[in-house]
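In what follows, a structure is listed as C-alpha cells, so that the remarks can point back to it.
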Amino acid sequence: MHQRTWQIVMAVALGGLLAACGGGGSGGGGGGGSGLATIVVSPASASVAVGATQAFTAVAKDANGNTLSGVSFTWSSSNPAVASINSSGLATGIAAGTTQITAKAGSVTSNAATLSVTAGGGGGGGNGSFTLSLTPGAPSAGQGGSATVQVGVNRSNGTVGNVNLTLLGSAVSPTADPAKISYSFSPNPETGSGSTLTLSVGANVPPGSYALTVQGQSSGDTETAPLSLTVTAPHTVLLVDDDRSDNNSNTGSTNLSVSDTLFRNLLTAAGVGYDVFVAPANGNGPTFDQMKGYAKVVWYTGNAYGGSGYGTLSSADELSLKAYLDQGSRELLLFSSEYPYDIGADWTSTNSDSFFANYLGAQGGKEDPNSHTAGGGLNHKSFSVAGVAGTVTAGDAYTVQKDAPLYTYTSAINPASGTDTLLTAQADPDNTGTDHPVAVATGRKGVGTAGSSKVVYVGITLENLFETGSADANKAQLLGQLLSY
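When we follow the numbering used here, the leftmost residue of the sequence shown carries the number 14, and every step to the right adds one.
Here it is as C-alpha cells:
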C-alpha cells in the first residue's frame, strides 16, 4: 500500500569502474552518426566560485526528440581562462567571469550553457544562503534497480524560498533510458521539509562507481552536494518496508523500527543482495515497473508492524502484485498479520478479494482466531507454532511471545485446494469447540497467468519469535526456509 524509497543495503559490485563521461562518452567525433539531430546541455546556467566545480550533462536526441544512447561528446569552454571543462563534462572555476559551455558530437553542437564564476562563496559555489545534505551520500543499486536518497536543505536565513533540485552527471538522464541513470525528486521544488531523490538504474548501465552531483537553485544562489552511486549486478530481492514507522511517515528520517532493522539484518546475514523500497505511510507500495525485475519480493506491512490504525495492501498494491506474479517465475513473501481483517474476510469467505483467493490461495481467513489453549483469541497471547511434515518447515517448533517486542497479532488462513500449510497453531477459528492445527503460514505454487510463480503468506508476528540461543537464530531459520519454498 505504501511507497518504496530504495536504499540498497547489501550488494557485491561487479565489473570495472566506468569512467563518467558526459552523455555517454568522452572524446570527439564518434557520436555524430545517423539519427543525431540535437544535443541538449543542462543545466542551462550555473554559478560557481573560483576553485569549485560544476557538472554538466549532455543528452543526444534524434529528429523526433528521442534520446540516443552511446553518443560520445567533446566538451568546450568558450573562455578557458574563466573555467575549464574535462572530458566528463565537469567544469572548474578558474577566475571570475563568464564562459559558455558546449558539447559536440560529429558536426552537431549543443546549446550554449552559461557558467558564471565568482570570486568566492558558500558551499557548492553559491552565496551560502543554504546548503544541501544527502543521506546516504554513497548509495548502491543493482542494474535495473533503484535507490533513494534523502535530500536535506539547510537554510542559513529566512529569505530562502523554494529550492529547485536537479541531478547532474555524465551518466544521468532526466528520462528513462536503459543505458543511463534516471532520477526524480519528490517534492521538487523543495519547500522546506526536504525531498526524496529516487535513482533508477537502467538495465544496461555497467557496474561501477558513478560520481553525481545534486544541485539546488534558489533566489540567485546555486549550491551542490556530491553523490557517489555504486551500480552492482542486479539484486534478486526487493524488500518492501511498509510498516508505517518513522521512516515511512517522515521524509528524510533514518530512524529504523524493530521490523526495519530485523528484516534488513536477516537478509544481509543470509548473503542476499537486496534493495529496499520504503513506502510512505499513506501511499501505495511499489508499482509493477518497480518490482518486475526482481526474482523475489519480501513485503512486511500492517498494524502489527508498529503503525496506528490498519492498512495493509491497497487495491493498487494488489493489482501491481498480480502483474508482477503474472510474469512467471516470481515469488512474493507477504508478512501481514492483519491482512484478512483489512479485506473483510472471514473463515469461509474472501469477501470477493481475488488476490487473496487466487494468488494467496485462500478460501477465507480469520484475524485473532479463537484458541481454547491460549485462552481466547491469539492476539496479545503467547502460543506455539509448528512446521509441517513434507514442507520446508518440517520439524520446526517455535514460540510466539506475547507483545514482545511488538504487539502480537495473528491471522489464520483457511487454505484452498493446492495451497500448502507451512506453519500451524492450535486454534478453533471455525468454532468446532476443540482446538486443532490451523494454518498461520501458507505457500502456493503455480500462481499467476504464467502458472510458475509462488506466494508465501505469514500470519504471525515474525519479530516475536522467542529465541533460546543466538540472536535471531529462529527468525533467520524460518525466513531462509520460506525464501527457499
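Don't be surprised by glycine CBs; every beta carbon is placed ideally from N, CA and C.
(message) Is it the case that the segment 409-418 contacts the segment 382-396, given that we only count it when at least three CB pairs across the two stretches are under 8 Å?
(response) yes
(message) Excluding the 5 residues flanking L391 on each side, which residues of the same chain have their C-beta closer than 7 Å to its C-beta?
(response) Start at 1 with the first residue of the sequence shown, and residue 391 comes out as number 378. Short of 7 Å from the beta carbon of L391, and not among the five residues preceding or following it, lie these beta carbons of its own chain, in chain order: D381, P382, S384, T423, A438 and A440.
(request) Give the DSSP-derived three-state secondary structure of K74 in the structure shown. (result) As a first step, residue 74 is located in the sequence shown; it is residue number 61 there, counting from the start. DSSP places K74 in strand when its eight states are reduced to three.
(message) Would you call the segment 175-188 in contact with the segment 280-292, where contact means no fewer than 3 C-beta pairs closer than 8 Å?
(response) In short, these stretches do not touch, since the Cβ pair count stays below three.
(request) Return the CA-CA distance between A500 and F301, expressed in angstroms with no decimal places. (result) This structure cannot speak to residue 500, because the chain is shown only from 14 to 498.
(message) At the level of alpha carbons, what is the spacing between S159 and A151?
(response) In the sequence shown, counting from the first residue as 1, residue 159 sits at position 146. In the sequence shown, counting from the first residue as 1, residue 151 sits at position 138. Roughly 13 Å separates the two Cα atoms.
(request) Return the first residue and the last residue of the beta strand (DSSP E) that E344 is part of. (result) The residue given as residue 344 occupies position 331 in the sequence shown. Element bounds for E344: E344 to F348.
(message) Tell me which residues share the same chain as D75 and place their Cβ nearer than 8 Å to its Cβ, disregarding the 5 neighbours each side in the sequence.
(response) Reading the sequence shown from its first residue, position 62 is the one you call residue 75. Correct list, in chain order: G48, L49, A50 and L81.
(request) Output the distance between the C-alpha atoms of W360 and A402, rounded to the nearest integer angstrom. (result) Along the sequence shown, read from residue 1 onward, the residue named residue 360 stands at position 347. Along the sequence shown, read from residue 1 onward, the residue named residue 402 stands at position 389. Looking at the two C-alpha atoms, the distance is approximately 24 Å.
(message) Taking DSSP's pairing of strands, which residues face R551 in a bridge?
(response) Summary: the structure shown does not reach residue 551, with the chain confined to residues 14 through 498, and so no result is reported for it.
(request) Report the rounded CA-to-CA distance for G357 versus F479, giving the unit in angstroms. (result) Position 344 of the sequence shown, counting from 1, holds the residue named residue 357. Position 466 of the sequence shown, counting from 1, holds the residue named residue 479. Cα to Cα, G357 sits roughly 30 Å from F479.
(request) Would you check if the distance between the CB atom of V469 and the CB atom of L346 is smaller than 9 Å? (result) For the purposes of this step, residue 469 is taken as residue 456 along the sequence shown, with counting starting at 1. For the purposes of this step, residue 346 is taken as residue 333 along the sequence shown, with counting starting at 1. Yes.
(request) Would you mind reading off the limits of the beta strand (DSSP E) that contains Q439? (result) If you number the sequence shown from 1, residue 439 lands on position 426. Segment T432 to A440, the beta strand (DSSP E) holding Q439.
(request) Please list, in chain order, all residues of the same chain as L491 whose beta carbon is under 6 Å from its beta carbon, the five residues on each side excluded. (result) Position 478 of the sequence shown, counted from the start, is the residue given in the question as residue 491. Result list for L491: empty, nothing under 6 Å.
(request) Would you please state the rounded distance, in angstroms, between the beta carbons of L210 and Y196? I believe it to be under 8 Å. (result) On the sequence shown, position 197 is the one that residue 210 refers to. On the sequence shown, position 183 is the one that residue 196 refers to. Separation of the CB atoms of L210 and Y196 is rounded to 6 Å, and the pair is thereby assigned contact status at 8 Å.
(request) Would you mind stating whether G286 and G155 have Cβ atoms separated by less than 9 Å? (result) As a first step, residue 286 must be located in the sequence shown, where it is residue number 273. As a first step, residue 155 must be located in the sequence shown, where it is residue number 142. Yes. Within cutoff.
(request) Using 10 angstroms around the beta-carbon of A484, count the other beta-carbons present and answer buried if the total reaches 16, otherwise exposed. (result) If you number the sequence shown from 1, residue 484 lands on position 471. By the 10 Å Cβ count, A484 comes out exposed.
(message) Could you pull the DSSP bridge partners for T87 from this structure?
(response) Mapped onto the sequence shown, residue 87 falls at position 74. Bridge partners of T87: K117.
(message) Within 10 Å of its beta-carbon, does N268 have 16 or more other beta-carbons around it, so buried, or fewer, so exposed?
(response) In the sequence shown, counting from the first residue as 1, residue 268 sits at position 255. Burial call: exposed.
(message) Checking 9 Å against the spacing of the C-beta atoms, do V164 and F143 come in under that value?
(response) Position 151 of the sequence shown, counted from the first residue, corresponds to residue 164. Position 130 of the sequence shown, counted from the first residue, corresponds to residue 143. With a cutoff of 9 Å on beta-carbon distance, V164 and F143 are scored as not near each other.
(request) Indicate the three-state DSSP secondary structure (helix, strand or coil) for Q156 in the structure shown. (result) Start at 1 with the first residue of the sequence shown, and residue 156 comes out as number 143. Coil at Q156, not helix or strand.
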